[in-house]
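First comes the structure, then the notes that go with it.
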Amino acid sequence: MTQLNDLKVYGLQKINSLDFIKNVFQLYTSNKVIAFLDSNASSSVMALNISKTIIPDEQYGWYKIAQPPIESDAPAQIVFTSGTEGKPKAILLSHKALSDVVLRLNSIMEVDETIKEYIGVPVTYSFGLGRCRAVCAAGGAFYIPENGFNPTEISRMLNNDEINAISSVPTLWRMILMNPDVIGESGKKVKWIEIGSQYMSKMEKEQMKNLFPNAKIIQHYGLTEASRSTFLDISSVSGAKLESVGKAYGDIEIDINNEGRIKIRGPNTAMGFLKDNEIQTLLDKDSWLLTSDNGHIEDDYLYYDGRSDDIINFGGIKINPDLLQSAIENTLQIENNIAICKISDDLRGEGIFIAVDINSPLELADVKNAAHKELDNIGIKASSSLVISYVDEIPRTTTGKLQRKDLAKKLIKPIDPSPTNVGHKNNVISIYKKIFPRETVSNNSNFKELGGDSLNYVQLTMMLEKHLGHLPHQWDSMPIKKLEATKIKERQHFANVEIASFLRALAILFVVGTHSGVEVLGGGTLLLVFLVGYNFSRFKSKSIIEGDIWLSLWGYLRPIFIPYYLLAAAYLYWNKSFEIDVLLMYANLLEAKITVVFPFWFVQVLVQCLLIIALIFSVNASRSALKISPWAFSFTILIVLIIVRILYPFFWDTSPLNDLVPLRFMAIIWLGWCFYYADSPYKKGLLVLCSTIFAFIDTGLRTETLWLIVGSICLAYVPYIKTPHYIKNMIHILASATFYIFVFNGIFIYLILEVLKIDSSLLAFLVGLSSSLLIWWVVQYTRLAGKIDLLLSS
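Letter by letter, the sequence shown follows residues 17 to 810 in this note's numbering.
Next up, the structure:
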């Protein structure tokens, strides 16, 4: 075995700068072995024969130098990686291993000397440094940003044709995917992208392809001991393979052992690790490197199934929980009072859970400060992915070994800096939990993120109004803890009613009036359809963009199906008939079944329109267009649907069906959809103009379509109206019960006017409205709703 004393090692302080890279290349070409140094490696560095330690200057910007790979078997660098024994492990890599990575990487990415890359990760990490080697081997140039990954800077540089390649880890790419407009059309200028070794979903990879349609997008899987062992060509594969981490190329081999762990063999593997003054091999007798990662292989593609050890993969940065725990304990001057393990985290893949023994004298705030200090030392900002909580007991074996899997299960309550929530059972978070019993609700949750819809929006509005004494503007996007902080001591005499709720309540009152025989303004049915489109866009477009089209549709249709099928069953039983067109909701396409008792057509047309919308968004291109430019996409579809409304009567005479078909109503529902994205006076004015034009096209400006114009004007320019509290509560109840009132009111109106022969439109109106509200209340506030919901979900 090679002795450590045989190696002449130069220490290089890890600083993300151009000078760091200059020193790396100079040491490579002079056959010096580099040890990359940071605070975590101090104990292991002492065992090395460090000839000299270099501290690079802080330099940022562009760098261009031709640096061909060095293909010798000589040692090149020592990298300290997280070990499983409580201290870092020193990994020795050869020039051959580094050059193999560069040659395979540049081959699959098809890079050339024109590459101008924005390196969005620190070049002190294996991924970033590998990008520098690859770009310089191709004869290109790379850019190191002074303040780290910055989507705005990337957009500016793309617009100015300064860059044509980007590299970063999935955590940072998600910042762009959440705000694709930052890149927009400039994404077409990107030619090359490499994504770091961290889980990224199939949907996210598809979003990357849509945002960067001309780029060669490569994601790799690897580790310090065997860098970039597989490559996934995201830009050329599709379907289930996008969930994989790619396949091996060149001389690399991938296999799975009997325990499901990934093993790697090839020229990219490390020479060994440094221990006891010797270089010890990492490979078995057959030259396989056994990793601590689980996986499986299908059709030569490797699927990563998670880590088998306790190392925390924090957005691609590996954290040893033992080392972090030791550092925090040293800061707090305590021992065995805390324990650290990994937990699931949506943004970074894995987050950090710090458990504090409830019997210790420690305060959570002190632990939090110490944790942030130690994480800052290694360049990690963890506020959103760090959870600190008391536990009744830290689980250990009889020999005192920490049981991290059991510890993760003990996560009970994260630290909450909001004092308003301490000791209060009747607070905002408890209200949210009542409305969203199936969701995980925290003080950082908001209504939109929890997937609220138009019905529980109205319910929550009433409950929050009662608790807070008012309702802040745009409360649905505010975190729960911020909402709680807005509570006022005295209840105001007047309250704001959102215009959409007011219009729903007003429209349904006029619908009931029309059914009762009071012909006032022709009813508000078209306005209700219009508002369905607005609410569907408002509450479901986010999940639609994420690909949950049919789940979103089901969540919206389920409360509509409940009253429809309750009444359909009663109707068919009463008539002793079995009408498949009623049950499958297409009777409106066969004949005009218009009755006050059972409004077949309204529910059927509504369901058909929503199904058409779902089909539109089943196409990936539609979801991508909505995500990249929601207004332009939505308005374009509106114009198309208005043209369809003009033209379809020339090919299909629907007058025998009273024109109660989706080709007519799609434009109305989509008009409402567009209003959610109308964020400027120009766009709002344009939609009001479109609604006016449509009204003339549809009926020649009769009272039916006049509701659309009024509704458009109100939605565009009157966000709220002020009413006394008791009036507001009535409006919210009517808005919540709209579908039940529409479906059931006709039964009771028919009973008064036709069965009992009472010639009183006012009585029919009152009985129809109140009885429908009673049915809604019974379904909502008894166990019936839960049973029906369970039945429909099963």
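Note that beta-carbon positions come from the ideal geometry of N, C-alpha and C, so glycine has one too.
All of these numbers come straight from a predicted model, not from anything done at the bench.
- Within the DSSP bridge table, the entry for Ser213 names no partner.
- DSSP places Tyr44 in the helix class (H, G or I) of the three-state scheme.
- Here the segment 171–187 makes contact with the segment 139–159; the two share three or more CB pairs at distances below 8 Å.
- In the three-state DSSP reduction, Gly144 falls in the helix class (H, G or I).
- The DSSP-derived three-state label of Asn459 is coil.
- Minimum Cα-Cα distance from Asn460 among the listed residues Asp492, Pro488, Met479, Thr477 corresponds to Asp492.
- Here DSSP, grouped into helix, strand and coil, assigns Gly255 to helix.
- Ser728 and Phe755 have their C-alpha atoms some 21 Å from each other.
- Val25 is bridged by DSSP to Val49, Ile66.
- Between Ile135 and the set Leu114, Arg120, Phe158, the nearest pair of CA atoms involves Phe158.
- Counting only runs of 3 or more residues that sit fully inside the segment 679–752, the beta strand (DSSP E) segments are 736–740, in chain order.
- For the set Phe36, Ser33, Phe666, Lys68, the Cα lying nearest the Cα of Lys24 is the one of Lys68.
- Restricting attention to Ile368, Glu390, Val117, the CA atom closest to the CA of Leu423 is found in Ile368.
- Per the DSSP secondary-structure output, Gly365 pairs in a beta bridge with Phe330, Asp361.
- Restricting attention to Leu193, Phe526, Leu119, the CA atom closest to the CA of Leu642 is found in Leu193.
- Here Asp197 carries a helix assignment [DSSP, helix/strand/coil].
- For the pair of segments examined, the segment 73–91 was found to touch the segment 149–164: the number of CB pairs separated by less than 8 Å reaches three.
- Considering only Glu500, Val548, Ala501, the residue with the shortest C-alpha distance to Ala521 is Val548.
- Judged by their CB atoms, Leu53 and Gly27 are nearer to each other than the 8 Å cut-off.
- For the pair Ile684 and Glu465, the Cα-to-Cα distance works out to about 27 Å.
- Residue range 515–531 is occupied by the alpha helix (DSSP H) that includes Phe526.
- When secondary structure is reduced to three states using DSSP, Trp647 falls in the helix class.
- The shortest CA-to-CA distance from Trp793 to any of Glu220, Val407, Ser752, Lys497 is the one to Ser752.
- Using a Cβ distance threshold of 8 Å, Thr240 and Lys279 do not count as a contacting pair.
- A contact is defined here as three or more CB-CB pairs under 8 Å, and the segment 540–547 fails this definition with respect to the segment 759–775.
- Contact between Leu605 and Glu595 is absent: CB atoms are separated by about 13 Å, not below the 8 Å threshold.
- Taking 8 Å as the cut-off, the Cβ atoms of Tyr317 and Lys263 count as close.
- The Cβ neighbour count for Tyr698, taken over all protein chains shown within 10 Å, is under 16; the residue is labelled exposed.
- If the five residues before and after Lys132 are omitted, its C-beta is found closer than 6 Å to the C-beta atoms of Ala157, Ile179, Asn180, all from its own chain and listed in chain order.
- Considered as a whole, the segment 625–674 harbours 636–644, 646–663 as its complete alpha helix (DSSP H) runs of no fewer than 4 residues, in chain order.
- Rounded to the nearest angstrom, the gap between the Cα atoms of Thr456 and Tyr742 is 32 Å.
- Distance between Leu789 and Phe526, taken at the CA atoms: about 15 Å.
- Here DSSP, grouped into helix, strand and coil, assigns Ile94 to strand.
- A residue is called buried when at least 16 other Cβ atoms come within 10 angstroms of its Cβ; Leu600 does not meet this threshold and is exposed.
- Contiguous beta strand (DSSP E) elements confined to the segment 154–205 occur at 157–160, 181–184, taking only those with 3 or more residues.
- Of the candidates Ile86, Arg172, Val403, Arg190, Ile86 places its Cα closest to the Cα of Arg149.
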